[in-house]
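Novice: Chains as they are written, first to last, in the numbering used here: chain A, 16 to 366; chain B, 201 to 540.
Quick reminder that beta carbons are idealized off the backbone N, C-alpha and C, glycines included.
Structure, rendered in structure tokens:
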């Protein structure tokens with residue numbers, strides 16, 4: 016193990032760089048796919064790469080994470096296969112969810128990614144259920160939920176924090192405060208001006224962290240994971256971050272924020288800062304990092320090729336997995352193949 | 201059956217099956233408001249044993265790790281049930297009254313119902329939610345509803361309505377062992393009643409998705425859902441004394457729906473009355489009425505008829521509530537209209 020000035024093993028640092036650059040290149044490719052009309056609506060995570068990267072560096076496949084509508088970065092940080100992810104974005108049968116979920120619902124239980132979720136705040140109570148399983152079954156696994164500043168105002172967060180606190184569950188709550196809930200600014204919508212401070216009401220640690228610094232994110236995550244594994248209960252982390260793009264594909268963020276603000280945050284770009292740190296501390300050379308970047312570009316390109324070459328699901332697959340156990344051939348209103356939409360409807364519109 | 205008939209109340213039957221399933225499988229846990237009661241106080245354990253007493257005594261056998269009193273926090277603990285079901289437990293979660301659906305609907309409809317499909321079948325959801333329904337106790341609009349329809353509306357959920365202690369025990373065992381989310385509706389006014397049925401002590405299951413024919417007949421089919429099967433049986437007795445041969449179907453599962461048994465019966469009797477305590481718009485009775493009209497129209501001697509409450513909330517005053525709720529006389533009167 017080679018400790019650096021940050022106290023973090025250099026291998027871990029390089030691995031986190033690889034994860035963050037892969038997320039960014041994946042998101043750039045997702046946007047290209049969306050711009051060519053192959054998927055509609057894309058919640059880009061560019062700018063927020065450091066938050067799940069610093070957290071997931073402490074987790075294994077048996078630890079669970081839960082995401083949001085904006086979750087590609089969570090999935091990649093947790094090790095979900097890029098090819099299956101991209102195929103899912105394009106609605107292909109080779110996707111993580113066999114084309115049934117799409118960009119807002121990517122899940123891979125084998126990797127401990129228990130799902131992106133399109134309803135703001137909805138996954139927070141679900142996440143403490145995974146922590147409850149760990150506690151009842153006596154494992155040392157932890158459960159981490161990522162949610163945005165918009166979800167901070169959902170009652171579901173309050174209920175889940177309260178339950179996790181009274182039961183001392185191995186649960187970690189990570190608010191990715193990217194300053195905007197759709198177009199609504201954080202300072203308008205969040206009373207008290209802090210999510211982390213809300214932890215005080217439950218007598219659990221509430222930590223404010225610079226979510227644009229993967230080193231800081233790694234450190235506070237390690238403490239929270241350690242507490243959870245040791246049976247010391249939940250932690251609420253507020254990671255201050257910024258999304259570079261709009262809320263979704265067609266949203267122009269300059270309608271509700273300024274170029275000056277965007278520039279301010281882009282100067283604190285998480286990948287740029289880690290790059291500088293690695294080079295300045297002679298942990299990696301620019302050439303080595305460029306090579307990792309090139310590898311990320313290639314693996315994303317391969318994922319895109321795989322996804323584009325993959326077939327769409329067969330019409331019969333419409334009826335698969337409604338239930339895990341269901342009398343086959345049972346007559347249920349609407350469960351006949353007649354009247355399926357013309358296949359032309361599932362062909363992407365030409366750009 | 202030779203041996204003595206073993207009669208138990210609905211509450212006893214549910215309590216027994218919960219105990220047996222928890223013994224059978226250590227991944228079964230129970231949680232909800234006051235499922236033990238006196239949460240956390242060692243000298244007050246099992247203060248309630250559940251708001252309906254369904255979970256009485258379980259905490260002594262299975263401990264606080266598996267029998268959990270929750271705060272009044274339905275979105276929190278039903279959501280936790282969803283997450284626990286996806287990660288290795290088989291939670292049985294109590295939603296005290298179905299009228300409280302509104303505070304946890306997102307967890308049931310968006311997560312429990314959809315995750316298996318939305319995630320391409322890779323996540324299983326062995327979650328059981330039990331909840332109380334039923335008017336007749338002067339508990340007014342929010343604590344007396346029978347709401348099935350919104351649950352049956354959602355693909356991915358299974359919904360069962362036991363009609364008495366025997367079916368309760370078998371359906372609970374099936375629900376808990378099922379890998380899909382199952383909602384069990386317990387009719388509260390009928391919970392204390394014993395049935396004449398023999399309820400075996402040893403565990404057994406009743407398949408989800410299969411209706412039962414309570415009594416065979418040839419002149420008319422009466423379809424009951426849970427407690428209203430009892431009304432159908434009472435009505436059948438009266439109609440039989442007038443010389444009619446009545447078939448009664450105990451639906452048991454409202455999702456999936458046993459369309460085969462319904463259609464087979466109606467094609468034989470050519471007449472049908474469906475008795476449902478849910479509000480009349482878009483309820484299970486109207487679904488069955490549409491099914492019969494679409495699939496057995498040519499066999500019918502009369503239009504299908506539904507016996508339901510009026511399209512109002514449940515009134516408080518016993519004078520009004522008695523008019524609101526379906527009863528035997530309403531079933532008999534509807535049947536006579538169809539028969540004559």
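For residue 79 (chain A), does the count of other Cβ atoms within 10 angstroms reach 16, so buried, or fall short, so exposed?
Specialist: It counts as buried.
Novice: To the nearest angstrom, how far is it from the Cα of residue 212 (chain A) to the Cα of residue 221 (chain A)?
Specialist: 6 Å
Novice: When the Cβ atoms of the region 496 to 506 of chain B are set against those of the region 465 to 485 of chain B, are three or more pairs found closer than 8 Å?
Specialist: yes
Novice: Within 8 Å (strictly less), CB to CB, does residue 259 (chain A) reach chain E?
Specialist: This model lacks chain E altogether, as its protein chains are A and B.
Novice: Closer than 7 Å by beta-carbon distance: list the chain A residues that pair up with residue 281 (chain B), in chain order.
Specialist: 144
Novice: Can you find a C-beta in chain B that's less than 8 Å from the C-beta of residue 339 (chain A)?
Specialist: yes
Novice: For the region 391 to 410 of chain B, which residues have a beta carbon sitting closer than 7 Å to at least one beta carbon of chain A?
Specialist: Those residues of the region 391 to 410 of chain B that come within reach of chain A (Cβ to Cβ, closer than 7 Å) are 409.
Novice: Would you list the one or two residues that DSSP bridges to residue 506 (chain B)?
Specialist: B:474
Novice: Return the CA-CA distance between residue 74 (chain A) and residue 234 (chain B), expressed in angstroms with no decimal places.
Specialist: Whole-angstrom Cα-Cα distance: 35 Å.
Novice: Output yes if chain A places a C-beta closer than 8 Å to the C-beta of residue 354 (chain B); else output no.
Specialist: Under the Cβ distance rule, residue 354 (chain B) does not count among the residues neighbouring chain A, no pair being separated by less than 8 Å.
Novice: Just the C-alpha distance for residue 175 (chain B) and residue 488 (chain B), rounded to the nearest angstrom, thanks.
Specialist: This structure cannot settle anything about residue 175 (chain B), because the visible part of chain B is limited to 201 through 540.
Novice: Suppose only complete runs of 4+ residues qualify. What are the alpha helix (DSSP H) ranges in the region 250 to 305 of chain A, listed by chain order?
Specialist: 274 to 281, 285 to 295
Novice: What span of residues does the alpha helix (DSSP H) with residue 90 (chain A) cover, start to end?
Specialist: 87 to 92
Novice: In angstroms with no decimal places, state the Cα-to-Cα distance between residue 318 (chain A) and residue 176 (chain A).
Specialist: 38 Å
Novice: Going by the DSSP bridge assignment, what does residue 421 (chain B) pair with across the sheet?
Specialist: B:447, B:472
Novice: With DSSP collapsed to three states, give me the class of residue 218 (chain A).
Specialist: coil
Novice: Kindly list the residues whose CB is nearer than 7 Å to the CB of residue 303 (chain B), restricted to its own chain and excluding five residues on each side of it in sequence; keep chain order.
Specialist: Closer than 7 Å at the Cβ level, and outside the excluded window around residue 303 (chain B), lie 274, 275.
Novice: Check this for me: beta carbons of residue 420 (chain B) and residue 404 (chain B), under 8 Å apart or not?
Specialist: no
Novice: Closer than 9 Å, Cβ to Cβ, to anything on chain B: give me those residues from the region 286 to 313 of chain A, in chain order.
Specialist: none
Novice: Could one say the Cβ of residue 317 (chain B) lies closer than 8 Å to chain A's Cβ atoms, at least one of them?
Specialist: yes
Novice: Taking 8 Å as the CB-CB limit, is residue 79 (chain A) close to chain B?
Specialist: yes
Novice: Let me know the beta strand (DSSP E) ranges lying completely inside the region 237 to 305 of chain B, each 3 residues or longer, listed in chain order.
Specialist: 267 to 269, 290 to 297
Novice: Quick check on residue 102 (chain A): does DSSP put it in helix, strand or coil?
Specialist: helix
Novice: Between which two residues does the alpha helix (DSSP H) harbouring residue 488 (chain B) extend?
Specialist: 484 to 496
Novice: In chain A, which residues lie with their C-beta within 8 Å of the C-beta of residue 270 (chain B)?
Specialist: 178
Novice: Go to residue 191 (chain A), then tell me how far its beta strand (DSSP E) extends in each direction, as first and last residue.
Specialist: Residue range 186 to 192 is occupied by the beta strand (DSSP E) that includes residue 191 (chain A).
Novice: Output, in sequence order along the chain, the residues in the region 98 to 121 of chain A whose CB is closer than 8 Å to any CB in chain B.
Specialist: 110, 111, 112, 113, 114, 115, 116, 120
Novice: Verify the CB distance criterion: does residue 412 (chain B) have a CB-CB separation below 8 Å to chain A?
Specialist: no
Novice: Which value, in whole angstroms, describes the spacing of the CA atoms of residue 347 (chain B) and residue 427 (chain B)?
Specialist: Annotation: residue 347 (chain B) to residue 427 (chain B) spans about 14 Å, alpha carbon to alpha carbon.
Novice: Using a cut-off of 8 Å between C-beta atoms, extract the partners of residue 333 (chain A) located in chain B.
Specialist: Residues of chain B passing the Cβ test: none, with the nearest at roughly 10 Å.
Novice: Please state whether the Cβ-Cβ distance between residue 222 (chain B) and residue 266 (chain B) is less than 8 Å.
Specialist: yes
Novice: Cβ closer than 8 Å: which chain B residues qualify as neighbours of residue 124 (chain A)?
Specialist: Listed along chain B are 286, 319, 322, 323, each with a C-beta nearer than 8 Å to that of residue 124 (chain A).
Novice: Within its chain, find whatever has a CB closer than 6 Å to the CB of residue 33 (chain A); leave out the 5 residues flanking it on each side and keep chain order.
Specialist: 307
Novice: Please name the residues in the region 20 to 35 of chain A whose beta-carbon is closer than 9 Å to at least one beta-carbon of chain B, in chain order.
Specialist: Per Cβ criterion, the list is empty.
Novice: When you compare only the Cα positions, how much space is there between residue 377 (chain B) and residue 277 (chain B)?
Specialist: 20 Å
Novice: By the three-class DSSP mapping on this structure, what secondary structure does residue 127 (chain A) have?
Specialist: coil
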